[in-house]
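Structure, as structure tokens:
In my numbering, the protein residues as written are -10 to 281.
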């Protein structure tokens, strides 16, 4: 167990999981552990430590007589395994990554690519409202059926003392449209159709990026390619947003011209017909009087 390896793994861990991002067990300044002490320091169980060793995820301890002695490297590795499991990696995935790192790969670059893919695409923070506030927002339009539909669309989530708004800006926009006279039931129908279309577009865009990763087959991308792949994913985010927003604006302008302009023109014609004086009819008869 080389001290440099332990330090390197600790640096990778600290970069991937900044302090405060995840709950970490309290670790003393000791550098050697029995299996019980190691499990306790890593916030896991002795059974898990043994299982990770059997799978090759954790190096065997140093034997001192009949006692196995674990080091800070073991602790760093256990912390890394635990947090990767929390991020939905399987033990097989973790084994591949750790093996690649041990063979000279850059685990930090690989997980940097993973972070580019799995990081939230929106910085919008959820908010919470009480039942009374929610009813007030929709001015009596939030029936039991509409409430169930909002939950089904994952716009809101029941929590203690109210509801959690997953997308507050979208929800507030919908409430404003309802106050302007748009039926809430029809807004839900439109949102459902919009999601189907947007999800299809999103899948096609992401497939284009996925093809660049698929070219490596079952192998890990070379370490020199990983920064470029991560950079591609990070740039895909704002470019995809621009493309979707631009197309929505174009479509809304076309729809407004198609459905609203003619209706407004008809209203103007109707208003003109209602306010036009009877003068022209009388004027047409005036010359007759003058010629009689």
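The beta carbon of each residue, even a glycine, is placed where N, CA and C say it ideally should be.
- Residue 155 sits away from residue 137, with the two beta carbons spaced by 9 Å or more.
- Annotated as proximal: residue 163 and residue 176, with beta-carbon spacing under 9 Å.
- By DSSP's assignment, residue 60 forms a beta bridge with 21.
- Annotation: residue 41 is outside any beta strand (DSSP E); the continuous alpha helix (DSSP H) that includes it extends over 35 to 43.
- According to DSSP, residue 146 shares a beta bridge with 153.
- Per DSSP, the beta bridge partners of residue 53 are 56.
- The DSSP assignment places 157 to 168 as complete runs of the alpha helix (DSSP H) inside the segment 154 to 184, in order along the chain (cut-off: 4 residues).
- Counted as a single uninterrupted DSSP element, the stretch harbouring residue 116 is not any alpha helix (DSSP H) but the beta strand (DSSP E) occupying residues 116 to 118.
- Under a 10 Å Cβ-count criterion, residue 69 is classified as buried, with 16 or more other Cβ atoms of the shown protein chains found around its own Cβ.
- Minimum Cα-Cα distance from residue 72 among the listed residues 166, 31, 47 corresponds to 31.
- A distance below 8 Å between beta-carbons, with the five flanking residues on each side excluded, links residue 190 to the following residues of its chain, in chain order: 233.
- Of all alpha-carbon atoms in 159, 81, 247, 174, the one lying nearest the alpha-carbon of residue 111 is that of 159.
- The residue from 77, 34, 46 with its alpha-carbon nearest to that of residue 62 is 46.
- In this structure, the CA atom of residue 228 is about 15 Å from the CA atom of residue 238.
- Contact check for residue 132 against residue 157 fails: the beta carbons are separated by 9 Å or more.
- Residue 35 is not a Cβ neighbour of residue 43, given a cutoff of 9 Å.
- Closest option to residue 105, judged by alpha-carbon separation, among 54, 215, 243: 215.
- Under the three-state reduction of DSSP output, residue 248 falls in the helix class.
- Secondary structure note for residue 141: its alpha helix (DSSP H) is the uninterrupted segment 133 to 141.
- For residue 32, the three-state secondary structure derived from DSSP is coil.
- Scanning its chain for C-beta atoms nearer than 6 Å, with the 5 sequence neighbours on each side dropped, one finds around residue 22 the residues 59, in chain order.
- With respect to the 9 Å criterion, residue 67 and residue 87 are not classified as neighbours on the basis of their beta carbons.
- With fewer than 16 other CB atoms across the displayed protein chains lying within 10 angstroms of its CB, residue 81 is exposed.
- In this structure residue 198 is in contact with residue 225, their Cβ atoms being roughly 6 Å apart against a cut-off of 8 Å.
- With fewer than 16 other Cβ atoms inside 10 Å of its own Cβ, residue 77 counts as exposed.
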